[in-house]
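**Student:**
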Amino acid sequence: MQNFLFVKTISFYHTVRISLSLRIHIRPMKYTSILIRTKSALLLLIFLTTLTAKAQDYWDKIPNLTSQCYSDNDDFGKKIQLLRSEVKGKLEMSKKALEEKARKITPEAQMAMAAKYQNMTPDQIIKMQNEMMEMTQLQTEFQQIASAMETRFNQLESDFRSEFGKRLGPIEEEYQKLPDGEGTPQWAIKKGEELMTQYNKEYESICDKYFTSPDAIFKTWLNDFNKFLLEKEVPFNQKMMKMEYGKYGLTPDESVAGLMAVDKYLERCASISNLRKQYP
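Residue numbers (my numbering): 1220 to 1499.
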């Protein structure tokens, strides 16, 4: 099964993969197939062209991981949600612009792009095939690194939930056994208060370990994830975009790759924030 990070990246490039799998056919009967696939690639290029937001602007807006154990005590989650909604809004507007521009693609333009592949020389075909092979290798390497990041996150989340259950579960069970309701004896009320104090102390200790301390586990992972996105994923996406644009003599907006990375980072921030308790 493909991992979360890789699937999300590759799904965005679904039409690119159609183009990458393109085979050059010289026979006229294959011309229509080339035409259809070329149009699919062009649709992606139009989509990427409409994304003009600079990713760095969004990176600068992302707040540091919360220093609060309870989500009601800060607005970290809300800030992440609002910022991600803004990014998603840019993408949605771009999709609508894509639909409009796609309707305006002339048959002549489609035929011209298809003819470019139809008339390639053997040397040009070999060069393109080599580029495809290189991209396939890079894709494989990227998948391995992305998979390792995803596996690490899943393990951390599993460790957190396990520790949460082991340390807080017994306290909850003891609390549930106490008498409750009208006429509760004073000793039970006092015991309940003691258990709640113990529960909150244990939870805040776990919170410090995973969220709020300078070397908190999820904080460390986010720092590494940020590095992965900027040093691995963004360059990979930029290279793929550059290769696809180059086929049509176009220069890509490289900030798009950064914007995709911002969206992934914000998604993980939200996931981590939601692991916290809402209130004591």
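We put the CB at the ideal spot given by N, CA and C, even for glycine.
Three Cβ pairs or more, each shorter than 8 Å: is that satisfied between the segment 1473 to 1480 and the segment 1371 to 1390?
**Tutor:** The answer is no - the segment 1371 to 1390 does not touch the segment 1473 to 1480, with fewer than three Cβ pairs under 8 Å.
**Student:** Within 10 angstroms of its Cβ, does Tyr1360 collect 16 or more other Cβ (buried), or is it exposed?
**Tutor:** For clarity, residue 1360 is Glu in the given sequence; the question names Tyr instead. Flag for Glu1360 reads exposed.
**Student:** Sorted by chain position, which residues of the same chain lie with C-beta nearer than 6 Å to Phe1447's C-beta, five sequence neighbours on each side aside?
**Tutor:** For Phe1447, where only same-chain residues beyond five positions count, the Cβ hits under 6 Å are Met1368.
**Student:** So what does DSSP say about Lys1396, is it helix, strand or coil?
**Tutor:** Lys1396 falls in the coil class under three-state DSSP.
**Student:** Does DSSP classify Tyr1498 as helix, strand or coil?
**Tutor:** Correct three-state label for Tyr1498: coil.
**Student:** Select from Asn1493, Glu1311, Ala1489 the residue whose C-alpha is nearest the C-alpha of Leu1301.
**Tutor:** Answer by Cα proximity: Ala1489.
**Student:** Are the segment 1437 to 1455 and the segment 1370 to 1377 touching by the rule of at least three beta carbon pairs closer than 8 Å?
**Tutor:** Touching, yes, given that three or more Cβ pairs across the two stretches are closer than 8 Å.
**Student:** Less than 7 Å between C-beta atoms, sequence neighbours within five positions excluded: which residues of the same chain meet that for Leu1414?
**Tutor:** Only Ile1390, Glu1393, Tyr1394 meet the Cβ criterion.
**Student:** Could you check which residue in Leu1494, Tyr1498, Ile1299 has the C-alpha nearest to that of Ser1381?
**Tutor:** Among Leu1494, Tyr1498, Ile1299, the Cα nearest to that of Ser1381 belongs to Leu1494.
**Student:** For Tyr1289, write down the residues that DSSP places opposite it in a beta bridge.
**Tutor:** Lys1496, per the DSSP bridge assignment.
**Student:** Assign Ala1274 to one of two classes, buried (16 or more other C-beta atoms within 10 Å of its C-beta) or exposed (fewer than that).
**Tutor:** Label assigned to Ala1274: buried.
**Student:** Could you tell me if Pro1487 is buried or exposed, where buried requires 16 or more neighbouring beta carbons within 10 angstroms of its beta carbon?
**Tutor:** Just to set this straight, residue 1487 is Arg in the shown sequence, not Pro. Arg1487 is buried by the Cβ-count criterion.
**Student:** What residue from Gln1497, Gln1457, Met1459, Asn1445 has the CA that sits closest to Trp1278's CA?
**Tutor:** The option with the nearest alpha carbon to Trp1278 is Asn1445.
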